[in-house]
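Peer 1:
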Amino acid sequence: MESKESIRKTALSRRKTLTQEEMKKKSSAICRKLLQLPEFLESKHVYVYMDIKKEVMTRDFIKKAWALGKTVAVPKVHGDEMDFYWLTSFAQLEPGFFGVAEPTYGDVAGDEDAFILIPGVAFDVNRHRIGYGRGYYDKYLAKHPKLRSVAVAYDLQVFPEIPHEELDIRPSVLVTETEIYR
């Protein structure tokens, strides 16, 4: 089996080939699937990452969540830790750690029964995940095990099998533009 680093490089290279139009189309298809998931429908609160580096785009999903009356929180990094903060407007956001849009103000979100959308660099069909290698989501999910975790990726980021460790936390669901893995 390939190493995590090798798979990470392959997945990032594949993702770089996507055009803006392809990303929009695939992200829209993923968004439509997310809006129908019981995990989303049953949650009042939605924790969503802000996309960078050709990740699945999330702004339209956030707008739709607001339109459905959901409260939305987005992450902010503090050193080795990450917390989610309530977001009421995109005007709250400014480039932060790693160039990711982060809230400049707002209260820390603390709902343990929320839906959380997780990014990733690579996944396998069993929902194992490889991120950028800093462990922010693994640490956050370990502290908040009751969150309804759903990961999103493009089909080209999904591999038959990837290396994983016991401490790696798998999302409950992985959604791509064509598949839902449970």
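Each residue of the sequence shown is one higher than the last, beginning at 471 in the working numbering.
Heads up, the beta-carbon is just placed ideally off N, CA and C, and yes, glycines get one too.
It should be emphasised that the depicted structure is a prediction, and the values quoted were computed from it without experimental measurement.
Please go through the same chain and pick out, in chain order, the residues whose beta-carbon is closer than 7 Å to the beta-carbon of Glu670, but skip the five residues on each side of it.
Peer 2: With the chain running from 471 to 652 in the structure shown, residue 670 is simply not present.
Peer 1: Do Val645 and Val628 have their C-beta atoms closer together than 8 Å?
Peer 2: In this structure, Val628 does not lie closer than 8 Å to Val645 by Cβ.
Peer 1: Using a Cβ-Cβ cut-off of 7 Å (strictly less than) and excluding sequence neighbours within five positions of Thr648, which residues of its own chain qualify?
Peer 2: Counting only Cβ-Cβ distances below 7 Å, and skipping sequence neighbours, we find Asp625.
Peer 1: CB of Ala584 to nearest heavy atom of the ligand COA: below 7 Å?
Peer 2: Looking at this structure, you won't find the ligand COA or any other ligand, since it has none at all.
Peer 1: If I follow the unbroken alpha helix (DSSP H) through Leu507, where does it start and stop?
Peer 2: Counting along the chain, Leu507 falls outside any alpha helix (DSSP H), and DSSP gives it neither H nor E.
Peer 1: Name the two residues that bound the continuous beta strand (DSSP E) containing Phe554.
Peer 2: Phe554 -> beta strand (DSSP E) spans Glu551 to Leu557.
Peer 1: For Phe585, report the span of its beta strand (DSSP E) as first-last.
Peer 2: Counting along the chain, the beta strand (DSSP E) containing Phe585 begins and ends at Phe585 to Ile588.
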